[in-house]
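Protein chains in written order, with the numbering used here: chain D, 1 to 824; chain W, 1001 to 1302.
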């Protein structure tokens, strides 16, 4: 056996020795250094002009109102050209910034905005002048009009009881949490390729043709389709006006520019912005600019979860890249610089959560503008190209936390691509995450997607997949705390955090259960009760959202919306597929707890139920031996069929219920395990659990093992995941899986090969998602003690990478406590 | 008896081994060893029979727990100055204390397992072996110290199409090694020193049999991939001359590799759990020497 000599990942070397290689990236670092660790500020302009317009258009079709509002924003909002930047298009002022969407939460700005600079997680600054605008111009209009107020007002009492912990519906109960009221929509990917190929003039002409073809004696055509198509025409104007204003500003700036080189750059920028996105892109530079305008304008339109994603960038940009390279007008280096120009501007747009619950869900200024690379073509061939490699190389050389890089893996992924993925993972900053075609493509196809579209999916948000012209479901989805169900089982429907309030079902004193069957039956009753309430809650959300949200810009880019003349936020769109999900929180916490009781109380009879409950009530103080026995019972994540079988059954019963609900609601209701950072706040309402977890600490995340419970290495973690899945059922969505490896474990060329093999096996096992942290525990501990020296340390959280020092102490602790797998 | 029913004493099965043979492997550690290397990092592997161990750092203490004190029928466990002390001379290895211990502080190294049970566990990682060309590595102790059991494990692994490797100290009857090699896909073989006197002084036996055995492998299994390993132990064999001489005596074949192992003390706590003293107290590896040594070896391995 070898010695465990200390071995650092490349990232750890950089952080410890402070030797970031900046060579060849003067422009990029000049921009980044100005802004990187700034506290972001709020820019009020989008909210201000949006509100001004909405106040003028009440009573009209919502899509049309939204289009008019976007046009007003496009005309009025300040446009900026960042010094040194090659790309134009910001949604707010220089530096790190967040923008407001008062249509979501304008009603409680008074309570919250003044707290933003002071809040512990993700603070924002706001100037006094802007504060006045918010409180005097913006907030008053939205009082009584927001989705969140509507939802809070109509939610039936029995559902409200598991949803909110206050009258206003601002504080979540963290039992059955809705996420629809703190963002406009679920994560989303627009069809960028369409814009690059056709341009907005052509898309607008398409709308005009459809408008001309309407029969205005037909009620539907007159009252629904006409205003929709008017909106499409207006929103195309809006984005073109906005781009044109950037062209004008670039010319103006060029006039005043003394440096002849920069002057040329600005003039070229002006020409490009004159041309795109109105017209088709003619080269790589125009394609990247056009794409950037589209994603930034999408952000002005709505606050989609995780921020608008970038789609299959290596696919739709490749023709332009290849052509320019062949013509000799672009070098590999130029292309990389241009993309990195995009990354540094992306890093400045911060996904601002006003809602305190929303803020708990994604710490460290998280946003996930996923860039998808690799995968298969619509005809099922391997899609890897030179740009796929360029993205990886850029990430290794310039490891910024944005964009989130996602590699699609399939059974024929080339060896070179996997090798470079492994090298990038080994760098240690958590990129790329891996998404498995072998799981996703057949699942989407069997749920109704045409095969070529399923093969062409883009990664969206943290671990989801989107087909930009087929997906039509946009509601933020429900998060269910099943560790709470477990607690209700142990306390007859109550939770210690909520005192005597009956939150769940009264399943009786747990000591009355005679055998495992009765006990597990009672758990299932609690589980199903939360699930039912969750589905009902989600349906209310689905019904109310179209009354409050519209997205004309996203709709004009969606084939089905244009065919149906319906906004993407509509409840049902012909030909669309609605992939909805519900989130399972605390999977391993629940599974391990049930297994511990099954084994120790009912089978081995080493403990009585009373002892377990007493120990839980005391948070194990004075009951350490009992806690140890519980912790040493079989745990999920060790490839132990005893416990994995329980996990599999819970997954199955949840899917059976989901299947029934899917039929009722006409949408696919799929089981997902992707907590982002919410396993921390959801843990804060759950007292001690029978797996030995202490009260109020984080729940297990995603389908990862409980903290420190996986003792048999990463192969066992992957296998537990595999054995607890129900491949014969289809009401399933993403399962997030974190694996932490020590750098030594994958050291050298041999280590890279073994990492490649591990990824191949992940693909064989048809697991949905996998991500790695390659970091030494002691580095994390050092960063916790001495943040100033570890400012640049990136870690993988849950579908995204973030600076470790931006995380709350709770989450830092959570990451440190994840088992680090070293080789044996 | 069929191979699957054969039993032996195993003290650990470890998944995801990355450095003991090709690919991702599962290590099966067999108990018992004919040598007594003072640097041994698996002291629990040395004796053939299962051994009781007590790890005081995992113990919740007598005040908090004390279950083992109550369970022991022979008063082998007592409290002295607040801490639990284990008196091996009174222990009959009945296992009662182990069964009540909540933390695993009281444990037994080694349990009887059948070949079938072991291979069933090894086979669970088959999907990883497929992609990495990994498989099972028998280690110890000295795996060939349980000859019938080790051979049955290798035969059964072969039958199940699992890649086989053993890590051996080489001190075993030549005929036995020969039989094992017939079921091996690769061999990892330790050569600790070419100086038999020194060898005997430190590990208890001379090196004649070991060297004869490796010669046998060169002659009779010329195609078998072999990794020769030498633990470089400060004060024992840590000179360039000694290590390079081992390297130089190996045949120049592409299927023969050499690897010096840096001395480490990861096994030290286990000596205490077993109630033994660590023989090499205070010795540290010389990282600089190892680095230079590897560079010299690189020149020999073009």
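No residue lacks a Cβ here, since even glycine has one placed at the ideal position from N, Cα and C.
Quick caveat: nothing in here was measured; it's all calculated off a predicted structure.
Can you tell which of 544/D, 792/D and 480/D has the C-alpha that lies nearest to the C-alpha of residue 526/D?
Ranking 544/D, 792/D and 480/D by Cα distance to residue 526/D puts 480/D first.
Label residue 194/D either buried or exposed according to how many other C-beta atoms from any shown protein chain fall within 10 Å of its C-beta, with 16 as the threshold for buried.
That one is buried.
Who are the near neighbours of residue 350/D in its chain, counting only those whose CB is closer than 6 Å to its CB and skipping five residues on each side?
Cβ neighbours of residue 350/D beyond the five flanking positions: 40, 96, 98 and 365.
So what does DSSP say about residue 367/D, is it helix, strand or coil?
In the three-state scheme derived from DSSP, where H, G and I count as helix and E and B as strand, residue 367/D is classed as coil.
Output the boundary residues of the beta strand (DSSP E) element that contains residue 1257/W.
Where residue 1257/W is concerned, the enclosing beta strand (DSSP E) stretches over 1256-1262.
Strictly below 8 Å CB to CB, what residues from chain D border residue 1193/W?
Simply none; closest approach about 19 Å.
DSSP on residue 472/D, reduced to helix/strand/coil?
For residue 472/D, the secondary structure class from DSSP, reduced to helix, strand or coil, is coil.
Below 8 Å between beta carbons is the criterion; list the residues of the segment 1009-1026 of chain W that meet it against any residue of chain D, in chain order.
Per Cβ criterion, the list reads 1014, 1015, 1016, 1017, 1018, 1019, 1020, 1023 and 1024.
Ignore the nearest five residues each way along the sequence and tell me which others in residue 287/D's own chain have a CB closer than 7 Å to its CB.
Hits under 7 Å: 196, 281, 317 and 320.
By Cβ distance, which residues of its chain are closer than 8 Å to residue 1043/W, with the 5 residues on each side in sequence left out?
Hits under 8 Å: 1267, 1270, 1271, 1274 and 1276.
In whole angstroms, give me the CA-to-CA distance for residue 687/D and residue 1059/W.
The straight-line gap from Cα to Cα measures roughly 26 Å.
Residue-level contact to chain W via CB, residue 818/D, 8 Å cutoff:
The beta carbon of residue 818/D does not come within 8 Å of any beta carbon belonging to chain W, so the residue lies off that interface.
How many Å lie between residue 1178/W and residue 1217/W at the Cα?
Residue 1178/W and residue 1217/W: Cα-Cα distance of roughly 7 Å.
Please report the straight-line C-alpha distance between residue 1057/W and residue 1106/W, rounded to a whole angstrom.
Within the model, the alpha-carbon separation for residue 1057/W versus residue 1106/W is close to 11 Å.
Mapping DSSP to helix, strand and coil, what is residue 595/D?
Here residue 595/D sits in helix by DSSP.
Between residue 1069/W and chain D, is the shortest Cβ-Cβ distance under 8 Å, so that the two count as touching?
It does not: the Cβ of residue 1069/W has no partner Cβ on chain D nearer than 8 Å.
Does the distance from the C-beta atom of residue 759/D to that of residue 422/D stay below 8 Å?
A contact, by the Cβ cut-off of 8 Å.
Cutoff 6 Å; reference residue 69/D; Cβ partners in own chain excluding five residues on either side
Here the set comprises 50, 53 and 54.
Check the Cβ of residue 399/D against every Cβ in chain W and list those closer than 9 Å, keeping chain order.
Simply none; closest approach about 25 Å.
Skipping 5 residues on each side, what residues in its chain have a beta carbon closer than 6 Å to that of residue 84/D?
Non-local beta-carbon contacts of residue 84/D in its own chain, meaning distances under 6 Å to residues more than five positions away in sequence, involve 27, 30 and 31 in chain order.
Residue 344/D - DSSP class collapsed to helix/strand/coil
In the structure shown, residue 344/D sits in a helix (DSSP, three-state: H, G or I).
Name the residue from 589/D, 437/D, 434/D and 220/D whose alpha carbon lies nearest to the alpha carbon of residue 487/D.
Comparing Cα positions, the closest option is 589/D.
Just reading off the beta strand (DSSP E) that residue 160/D is part of, what are its end residues?
No beta strand (DSSP E) contains residue 160/D, which is instead part of the alpha helix (DSSP H) from 157-163.
Closer than 8 Å by C-beta to residue 1141/W: which residues in its own chain qualify, once you throw out the five before and the five after it? Chain order, please.
Within the same chain, 1011, 1029, 1030, 1031, 1032, 1033, 1042, 1045 and 1046 come within 8 Å of residue 1141/W by CB-CB distance, once the 5 residues on both sides are set aside.
Would you identify the three-state DSSP class for residue 1205/W, choosing helix, strand or coil?
Correct three-state label for residue 1205/W: coil.
Between residue 112/D and residue 355/D, what straight-line distance do the alpha-carbon atoms span, to the nearest angstrom?
Computed Cα separation, rounded: 8 Å.
So, residue 1213/W versus residue 1194/W, is the Cβ gap smaller than 8 Å?
Contact flag unset, no.
Measuring CA to CA, which of 705/D, 134/D and 126/D is closest to residue 105/D?
Comparing Cα-Cα distances from residue 105/D to each of 705/D, 134/D and 126/D, the minimum goes to 134/D.
Interface residues of the segment 1099-1128 of chain W facing chain D [CB-CB below 7 Å]
Cβ contacts with chain D: 1102, 1103, 1104, 1124, 1125, 1127 and 1128.
Neighbour flag for residue 1047/W against chain D, beta carbons, 8 Å
Not an interface residue.
Tell me whether residue 60/D sits in a helix, a strand or coil according to DSSP, three-state version.
In this structure, residue 60/D counts as coil in the three-state DSSP scheme.
Which chain D residues sit within Cβ distance under 8 Å of residue 1037/W?
Residues of chain D passing the Cβ test: none, with the nearest at roughly 13 Å.
The segment 1245-1274 of chain W: which residues have C-beta closer than 8 Å to a C-beta of chain D, in chain order?
Only those residues of the segment 1245-1274 of chain W whose C-beta falls short of 8 Å from the nearest C-beta of chain D are listed: 1261, 1262, 1263, 1264 and 1266.
Minimum C-alpha distance to residue 714/D - residue among 128/D, 739/D and 240/D
Comparing C-alpha distances from residue 714/D to each of 128/D, 739/D and 240/D shows the shortest one belongs to 739/D.
At the 8 Å Cβ level, is residue 3/D part of the contact set with chain W, yes or no?
Because the pLDDT at residue 3/D is just 34, under 50, the model does not fix this residue reliably, and the value given afterwards should be weighed accordingly. Cβ-Cβ to chain W under 8 Å: yes for residue 3/D.
Taking residue 657/D and residue 670/D to be in contact with their CB atoms under 8 Å, please state how far apart those CB atoms are, rounded to whole angstroms.
That pair is no contact at about 12 Å.
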